[in-house]
Structures are given as C-alpha cells and as structure tokens.
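Numbering (full-length UniProt numbering), first residue to last: 1 to 228.
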C-alpha cells in the first residue's frame, strides 16, 4: 500500500528518508489551494450578508439588538419626531415602521444565508483543522517509519530483528492509516467542489428573496409617503 503514497527512500545522514509520492503530494496541494479559494469566497459572501466587519470578527453574522443599520435609523427618526410638527410625525412613523421591517427581514436573511453556506464554513474550519492534524500525524509517522526501517537493517541478532521488524510493520500500518485519511479527502475533492457550488447557488437564491422582500417594503413605504 505504501507504493501509492511514497517514493524510494533517500539517504539523509545515517537514516534513509522516505519522501511522499509526487502525485500524492500534488493532490494535497490541490486540496489546500482549493481550501484557500473557498476561504476567500466565504469572506466575500459574509461581507455581502454583513458589511460591518466588526460584527463578523466576533463570529456572528447578525448585529447585536438595536445595532442593525435600519434599527439605528428607526431610533434616530423616533428622536427626530419631537422636532417636527404633529402633522409631519405620521410620515416619520411610516419611515420608522418600514425600517423596523427592513431590519427584521435582513436579520432573518443573514441567518438563513449563513445556514445556506454551512458546508463551506465547515470545509474551511473543522475539516481544515482535521486535515492539518492528519497531515502532522502522517509526517510524524513517516519519520518513525524511517527510523524503524533503519533499526531493522542494523539488527545484529534474530531476536532483535524480529522485534524491530514488528515495530517497523506497525509503523507502516500507522502511516498508511493516516495517509488513507488524506487520500480520501483528495478523492472526494470533485464532489466537495460540486457540493460547495450548490451552496453558493442556494446562498444567492436566498439573497434574491431578501432583496425582493426589501423592495416590497420600500415600495409600500413610498406609496404611503406620497399619500401624506
């Protein structure tokens, strides 16, 4: 099984050092490059949902209560009412009501939008951390395997040879187990790309619903204002 992941060992000092097979390494690089691209895409999608980067930096996508821009405008208009004539206050009430509706609509859209790309988020967070952990274990296993092979070659007695041989086979299995996990990620990359593309489509379908609803709210407010 090693032949799928490794190429011939090269002597580095006393111990022969085994290198990863080029095709295997290329697969790893492709996964990492794609992950970086997805990470940048996700940043862009989150910026569309929540332009306030300070909110996103907290790990949230929805602003704290009362801090949505539409809520801030509604609160400002409420304060402004005391400075206008009673006949004009009704117009401000229309604006306040429409802004509160916009805030509610946007909050709902932000929550649904983040849910639409949850697999993208998992791919660049949880899956990425797991991949790094598996890579580290694999490279550690590779070093252990090289040392174990060196000890087998330098065994002086049959008993030592059997002992070191068992240790070597154990290290080979440990390496293969880790390499298999990484190979699975490489093999699943085409399906991962397809799934992520579908999530982006779902995201924009959700944005379409948001903008349609927001447009209706603003049209209704404008219609009411023209009657006042």
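For each residue, glycine too, the CB sits at the ideal point set by N, CA and C.
query: Alpha carbon of residue 164 to alpha carbon of residue 58, nearest angstrom; result: 52 Å
query: Chain-order list of residues whose beta-carbon lies under 7 Å from that of residue 101 (same chain, five-residue window excluded); result: 217
query: C-beta atoms of residue 171 and residue 144 nearer than 9 Å; result: yes
query: Uninterrupted alpha helix (DSSP H) stretches inside the segment 37-76 (no shorter than 4 residues); result: 53-57
query: Secondary structure of residue 171, DSSP reduced to three states; result: helix
query: Any non-hydrogen atom of the ligand PLP closer than 8 Å to residue 153 Cβ; result: By its list of ligands, the structure shown contains no ligand whatsoever, and the ligand PLP lies outside what it can speak to.
query: Beta-carbon contacts of residue 215 that lie in its chain and below 8 Å, excluding the five residues immediately before and after; result: none
query: Per-residue DSSP class, three states only, for residue 1; result: Its pLDDT being 42, under 50, residue 1 is placed unreliably in this model, and the value from its coordinates should be taken loosely. If DSSP states are grouped into helix, strand and coil, residue 1 belongs with coil.
query: Alpha-carbon to alpha-carbon, residue 26 and residue 184; result: 14 Å
query: Limits of the unbroken alpha helix (DSSP H) element including residue 106; result: 86-116
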